[in-house]
Amino acid sequence: MSESAALDRTDLRLLALLQRQGRAPNTEIAAQLNLSPSACLRRTQRLEAAGVIAGYAARVDPQAVGLGLQAFVRVQLEKHGRHGIDRFADNVREWDEVVACHALTGDMDYLLHIVVQDLEHFSRFLLDRLLNASGVADVNSSFVLRTVKAFGGLPLPKD
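In short: position in the sequence shown from 1, add 1315, done, that's my numbering.
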């Protein structure tokens, strides 16, 4: 079910509700969709089995757990061979401070979203890990001053 054409209107409404209210009981979700609880559960299980629903997670407030500094770091690699790219990707997967990593087009190769305790933690991460990762040619960091809009789910088609 990798094509969006395989999702009907009810599937899309179900996904939108689950993105906003993932902990709501199945009976509440079913009522909002005008479905029986069993039909709603079958749809949810089908979407999970097909990989459309990739998983469930709690959104944790970084400040509440002592992670007061967020940064976006653009990374340029020295070389763009398969080995260098794979080694960099392997490193990134091991670094807990990196909560997201995207390969980019343009003058920088990657955009890292970093979440750490404070500027000292960021400095240690940058100097001890990122800049020591073989193959990194340049980095450019920007710190988050305020989050205007956080990820709240995908913009699913309405109909």
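Even glycine gets a Cβ: it sits at the ideal position worked out from N, Cα and C.
Status (buried if at least 16 other CB within 10 Å, exposed otherwise) for residue i
| i | result |
| --- | --- |
| A1345 | buried |
| T1359 | buried |
| D1443 | exposed |
| F1458 | exposed |
| E1412 | buried |
| D1405 | exposed |
| D1326 | buried |
| V1388 | buried |
| L1469 | exposed |
| A1460 | Looking at the sequence shown, residue 1460 is not Ala but Leu. It is exposed - the Cβ of L1460 has fewer than 16 other Cβ atoms within 10 Å. |
| F1437 | buried |
The beta strand (DSSP E) enclosing residue i, as first and last residue numbers
| i | result |
| --- | --- |
| F1458 | 1451-1458 |
Limits of the alpha helix (DSSP H) - the one that residue i falls within
| i | result |
| --- | --- |
| R1357 | 1352-1364 |
| A1404 | 1397-1409 |
| L1327 | 1324-1335 |
| A1346 | 1341-1348 |
Inter-residue spacing [alpha-carbon to alpha-carbon] between residue i and residue j
| i | j | result |
| --- | --- | --- |
| S1351 | A1372 | 25 Å |
| G1370 | R1328 | 17 Å |
| N1447 | R1361 | 45 Å |
| R1261 | V1451 | Because the chain here runs from 1316 to 1474, residue 1261 falls outside it and cannot be looked at. |
| R1335 | Q1391 | 36 Å |
| H1417 | L1426 | 5 Å |
| I1400 | N1455 | 18 Å |
| S1449 | R1439 | 17 Å |
| D1422 | K1473 | 36 Å |
| R1402 | L1441 | 17 Å |
| W1410 | L1445 | 9 Å |
| R1408 | V1414 | 9 Å |
| A1354 | G1467 | 26 Å |
Expected contact under 8 Å - CB spacing of residue i and residue j to nearest Å
| i | j | result |
| --- | --- | --- |
| L1384 | D1433 | 5 Å |
| I1429 | A1364 | The Cβ separation is near 34 Å, so there is no contact. |
| V1431 | L1471 | Their Cβ separation, rounded to whole angstroms, is 32 Å, which puts V1431 and L1471 out of contact at 8 Å. |
| N1341 | L1330 | Contact doesn't hold; Cβ gap of about 14 Å is too wide. |
| L1332 | Q1347 | 6 Å |
Per DSSP, cross-strand counterpart(s) of residue i
| i | result |
| --- | --- |
| L1392 | V1451 |
| L1384 | V1431 |
| H1417 | L1426 |
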